[in-house]
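Working notes, beginning with the structure itself.
Residue numbers (our numbering): 212 to 392.
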């Protein structure tokens, strides 16, 4: 009989991880190794972890995000997989996070500095500072009332100019708006 791989439960404390969504069929034949009180199911393999859950984001002392399938699945319960190498340390004090903007989908998210795709252009911030900047960016994307104070030909160009400065500089939103006039 094959020995079941089981990591230490402490190895997930204070971590950041981005899981990729997979179809539920992916775990057929795998043994459920842990079921949380909140209803999440965990399946461990030598290369990573599958998590079946109806909630993602902040989990106790960790930040785990799910990148959805395209097209997005209808089920409330989503299956995510992350290799062990994608679990990065998290804390509130260190500047561990950078902001990633997808102008095609008009979405903004944060990533960890240990992510292999980090090009060191975006400013690193603490989780609190990152959350604050993301909220400002989402307001710029979803609202238009702020733009009435500017002269512009194309609102999308103005948004991009301001958002890029929020991501790639340490300037405050107020400083950026004063400079853009």
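For each residue, glycine too, the CB sits at the ideal point set by N, CA and C.
Since this is a predicted model, take the numbers as computed values, not measurements.
Does DSSP classify residue i as helix, strand or coil?
i, result
"residue 252", "strand"
"residue 366", "helix"
"residue 212", "For residue 212, the predicted structure reports a pLDDT of 42, less than 50, and the residue's modelled location is therefore unreliable. A value from the coordinates is still provided. Reduced to three states, the DSSP call for residue 212 is coil."
"residue 243", "coil"
"residue 326", "coil"
"residue 267", "coil"
"residue 235", "helix"
"residue 293", "strand"
So which of the options has the shortest CA-CA distance to residue i?
i, options, result
"residue 282", "372, 233 and 252", "233"
"residue 261", "298, 317, 326 and 312", "298"
"residue 382", "347, 363 and 288", "347"
"residue 293", "242, 303 and 223", "223"
"residue 226", "386, 247, 325 and 391", "325"
"residue 256", "268, 266, 270 and 237", "237"
"residue 247", "355, 271, 341 and 228", "271"
"residue 362", "391, 372, 343 and 351", "391"
Using 8 Å for Cβ pairs, my map puts residue i next to residue j. What's the rounded Cβ distance?
i, j, result
"residue 251", "residue 263", "7 Å"
"residue 216", "residue 276", "Incorrect: roughly 24 Å between the Cβ atoms, too far for contact."
I'd like to check one pair, residue j with residue i: are the Cβ atoms closer than 8 Å?
i, j, result
"residue 380", "residue 334", "yes"
"residue 319", "residue 345", "yes"
"residue 375", "residue 337", "no"
"residue 373", "residue 351", "yes"
Could you tell me whether any non-hydrogen atom of the ligand SAH is closer than 7 Å to the CB of residue i?
i, result
"residue 260", "Of ligands this structure carries none, so the ligand SAH is not represented either."
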